[in-house]
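Protein chains in written order, with this note's numbering: chain A, 1 to 342; chain B, 1001 to 1342. Beneath this line is the structure, given in structure tokens, with notes to follow.
2 protein chains.
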Amino acid sequence: MYKKNASSTMQDVAKLAGVSMMTVSRVLRNEVKVKENTKKKVMDAIKKLEYTPNISARSLASSKSHLIAFLYENPSEGYVGQLLIGTMKQAQVRGYSLVLNNLDGTVADVSSALRELLEASRVDGIILTPPFSDSEEILDMLKGGHLPTVRISPQRKDYPFPFVCMDETKAAFDMTKYLIDQGHTKIGFIKGHPDHAGSHLRYDGFVAALKAQGIELPDQYIEQGMFNYQSGFAAAEKLMNLKDRPTAIFAANDDMAAATLSAAQKHHLAVPEAISVVGFDDAPIATSIWPRLTTVRQPILEMAEMATDLLVDELMGKRDLDKPRKNTMDYQLAIRDTVQSL
Amino acid sequence: MYKKNASSTMQDVAKLAGVSMMTVSRVLRNEVKVKENTKKKVMDAIKKLEYTPNISARSLASSKSHLIAFLYENPSEGYVGQLLIGTMKQAQVRGYSLVLNNLDGTVADVSSALRELLEASRVDGIILTPPFSDSEEILDMLKGGHLPTVRISPQRKDYPFPFVCMDETKAAFDMTKYLIDQGHTKIGFIKGHPDHAGSHLRYDGFVAALKAQGIELPDQYIEQGMFNYQSGFAAAEKLMNLKDRPTAIFAANDDMAAATLSAAQKHHLAVPEAISVVGFDDAPIATSIWPRLTTVRQPILEMAEMATDLLVDELMGKRDLDKPRKNTMDYQLAIRDTVQSL
DNA sequence: TAGTAGGTTACATACGTATTCACTGATTTA
DNA sequence: TAAATCAGTGAATACGTATGTAACCTACTA
């Protein structure tokens, strides 16, 4: 049976240990030197009293909330979900909590909505996920302030905020090259949400790879998607209804690739025998579906972790000069079961 | 450009409005009567100073954190995701924030892990989701304490905590009856995770419906799943490999039903022509896949909302006697495209 | 006119921690 | 040997809000 302890305070610990509150405080954050002997006495007292620091008091005194705002748009996307998991975990490790801010389409005025959220929750820092990583509206608003911010997968690198990203164009190039190497020349592409920088980067890589091999790309092989299942399904159907149907489809993310698999089923097209499909992200769905999706593995969890570290370092004034403030992570191709050699 | 205001305090507001802090405080929480005129002066001062209350100070003074712990096990499940969205939204409306606690399999000792979490974050109340809604370990621990708790979809109703649930047995009964009415008599069932009360309730409803119609249920028509995609896929394959294959499969949740669709595809079984499939929950995936899944619609968002309201009411001492502390919500069958009449 | 009840406001203190400043004794430096 | 540095510690105060207690005012009653 659990009883919220009649909360002993730092005062009590100090008294029991026979030292001052100052010393207790120092032991807790072990920043400055404290004699081993004293330290032990304090630790014992803490254990005996089951003392746990009062977060509110700590926040008030230090004027730090130990809260990080996590801005995202669409929680149902596998990508954002993974990002969230990684960030949450690392934030906890570093002693911070997350405030989740969903700024989706229902919000008319993004910047004023953000302003309200920030004022209400008094966060110490912000993590921006796509598409907000590149939202001029938000970036400009944040630029003049003194609220530490880090961005995940931004395209524009002319803002002063540190970031973590991946060479998405090169990854898309490599994946396209892989399809070509397997003998595909008729390759359809389902673009991502136009607000997301990644959509354009991935498309650019795709186009570049085709051009490098001298392969032509008919307009009707390009369909617009929105990064979600529904739009991917619709786009895939259009490609499949083409008279000169592509032999492979490159969807700009895994959710749309999964939808493409469903569409193939509806059209009685076996994957990969009748049509090959590849995605991007290596979100959980990639290995949940059948057949398992060939895709670009983004180290999403690691990116989230690093972004969190970057931010917390900045918050703690440990702007380590060894750690670059702009990081580009490695990717790899996850070759699985949805591509057929021709 | 956003600048964190050099934070004006209640003191400043009081001075500008020519009243005492006490009055400002009262205006803010408008519990007690304040003269209209005075109120207006205060509001004007607040607006002019862009005053926002300091949460830390408020928490410290009132010894309330305005935090609710949301305990869950598997965030990837569509069901929990929806629950989270609903809870988060309503918590925000009521002026509370959520602390997300994932107590998954990686934690050896659930109750001590919970104890630590509670001590560390000092939450005001707890929301329990399945399977924790029925965890004796957790319930017993909480029972003796004075930490308000509400449960979502519990089975055991002999604990003193208010809850929100649905008649899952009856819903499963109805869905099974529907399949029978469509002419199915050979119906396979994929059970859910045994730790979740819902698994058993749903199974019971299924069995009861068959028995009511005098339909026999061979042992090999029952497969154990774990509520996730992978387990659902494996279970579905076993059913499909049966010599006397069922004509319909009832999966205990939508994730497993979606997996069943994939498995059907792998086995070249058209849905619903060759085999019918139904799920339970009406999670987002139900309408994301093709064909759209026939399933039991649980009002997940509403349940989350109500649970949050129940908890907050208790926290604010508004234990409204009109509002029952035990709520059973309505469900309905979402008849879509995965069932064929025989 | 005095008394009274009820509505409205002011003062002062508590909440638990972080932190500035000052102090001691010990060790090193010139 | 005197001065300077330094590790280790303590006392006191600030942080911004909530709230108990007491005082105040208004209007109404007797």
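The beta-carbon is built from N, C-alpha and C at its ideal position, and this holds for glycine as well.
Query - B/His1193 classed as buried or exposed, judged by whether at least 16 other C-beta atoms fall within 10 angstroms - result: buried
Query raised in the report: Given that B/Phe1233 touches chain A, what residues does it touch there, using C-beta distances under 7 Å?
Result: Trp290
Query raised in the report: Which value, in whole angstroms, describes the spacing of the CA atoms of A/Leu345 and A/Leu67?
Result: Residue 345 of chain A cannot be examined here, being either before or after the span of chain A that is shown, 1 to 342.
Query - Nearest residue (CA-CA) to A/Val24, options A/Met43, A/Met166, A/Glu36, A/Ser7 - result: A/Met43
Query raised in the report: Which residues mark the beginning and the end of the alpha helix (DSSP H) in which A/Ala212 is found?
Result: 197-212
Report task. State the DSSP-derived secondary structure class of A/Tyr2, mapped to helix, strand or coil. Result -> Model confidence at A/Tyr2 stands at a pLDDT of 43, short of 50, so the residue's coordinates are unreliable and nothing is read from them.
Query - Entirely enclosed alpha helix (DSSP H) segments - the stretch 81-123 of chain A, minimum 4 residues - result: 110-121
Requested in this report: Ignoring anything shorter than 4 residues or poking outside the stretch 1242-1297 of chain B, list the alpha helix (DSSP H) runs there in chain order.
Outcome: 1254-1266, 1285-1288
Query raised in the report: Could you give the distance in angstroms between the alpha-carbon of B/Leu1100 and the alpha-carbon of B/Phe1070?
Result: 5 Å
Query raised in the report: Per DSSP, what kind of secondary structure is B/Gly1078 in: helix, strand or coil?
Result: helix
Requested in this report: Say whether the stretch 1245-1256 of chain B touches the stretch 1179-1188 of chain B, bearing in mind that this needs 3 or more beta-carbon pairs closer than 8 Å, one atom from each stretch.
Outcome: yes
Query - Residue(s) in a DSSP beta bridge with A/Glu344 - result: The requested residue 344 of chain A does not occur in the structure, where chain A is confined to residues 1 to 342.
**Report entry** Beta carbon proximity, B/Tyr1079 to chain A, threshold 8 Å
**Finding:** no
Report task. Check distances from the C-beta atoms of the stretch 1248-1272 of chain B to those of chain A and list, in chain order, the residues that come in under 8 Å. Result -> Ala1259, Ser1262, Ala1263, Gln1265, Lys1266
Requested in this report: Please go through the same chain and pick out, in chain order, the residues whose beta-carbon is closer than 6 Å to the beta-carbon of A/Lys243, but skip the five residues on each side of it.
Outcome: none
Query raised in the report: Got a sec: which bits of the stretch 1058-1072 of chain B sit with their beta carbon under 7 Å from any beta carbon on chain A, in order along the chain?
Result: Ser1059, Leu1060, Ser1065
Query - Buried or exposed by the 16-neighbour rule on C-beta atoms within 10 Å, applied to A/Thr328 - result: exposed
Requested in this report: Give the interface partners of A/Leu139 over in chain B, defined as CB-CB distance under 8 Å, in chain order.
Outcome: Ordered by position in chain B, no residue passes the 8 Å Cβ test against A/Leu139, which lies about 10 Å from the chain.
Query raised in the report: Which of the residues in the stretch 115-135 of chain A, read from start to end, lie with their CB under 8 Å from any CB of chain B?
Result: Arg115, Leu118, Glu119, Ala120, Ser121, Arg122
Query raised in the report: Quick one, are the C-beta atoms of A/Gly198 and A/Ser153 less than 8 Å apart?
Result: yes
Query raised in the report: For A/Gln230, which residues in chain B fall below 8 Å Cβ to Cβ?
Result: Ser1288
Report task. Using a Cβ-Cβ cut-off of 8 Å, state whether A/Met88 counts as contacting chain B. Result -> yes
Report task. Excluding the 5 residues preceding and the 5 following A/Leu201 in the sequence, name in chain order all residues of the same chain whose CB lies nearer than 8 Å to its CB. Result -> Gln155, Glu168, Thr169, Ala172
Report task. Give every residue of the same chain whose Cβ lies closer than 7 Å to the Cβ of B/Asn1049, excluding the five residues on either side of it in the sequence, and list them in chain order. Result -> One point to set straight first is that residue 1049 of chain B is Leu, not Asn, in the sequence displayed. Only Ser1008, Asp1012, Val1013, Leu1016 meet the Cβ criterion.
Report task. On a CA-only basis, which of A/Leu142, A/Lys39, A/Met175 is nearest A/Tyr159? Give me that one, please. Result -> A/Leu142
Report task. Report yes or no: is there a C-beta of chain B within less than 8 Å of the C-beta of A/Thr52? Result -> yes
Query raised in the report: Which term fits A/Val32, buried or exposed, when burial requires 16 or more other beta carbons within 10 angstroms of its beta carbon?
Result: exposed
**Report entry** Residue interval of the beta strand (DSSP E) (run including A/Ile68)
**Finding:** 67-72
Report task. Look at the alpha carbon of B/Pro1299 and the alpha carbon of A/Ala307, and state the distance between them as a whole number of angstroms. Result -> 36 Å
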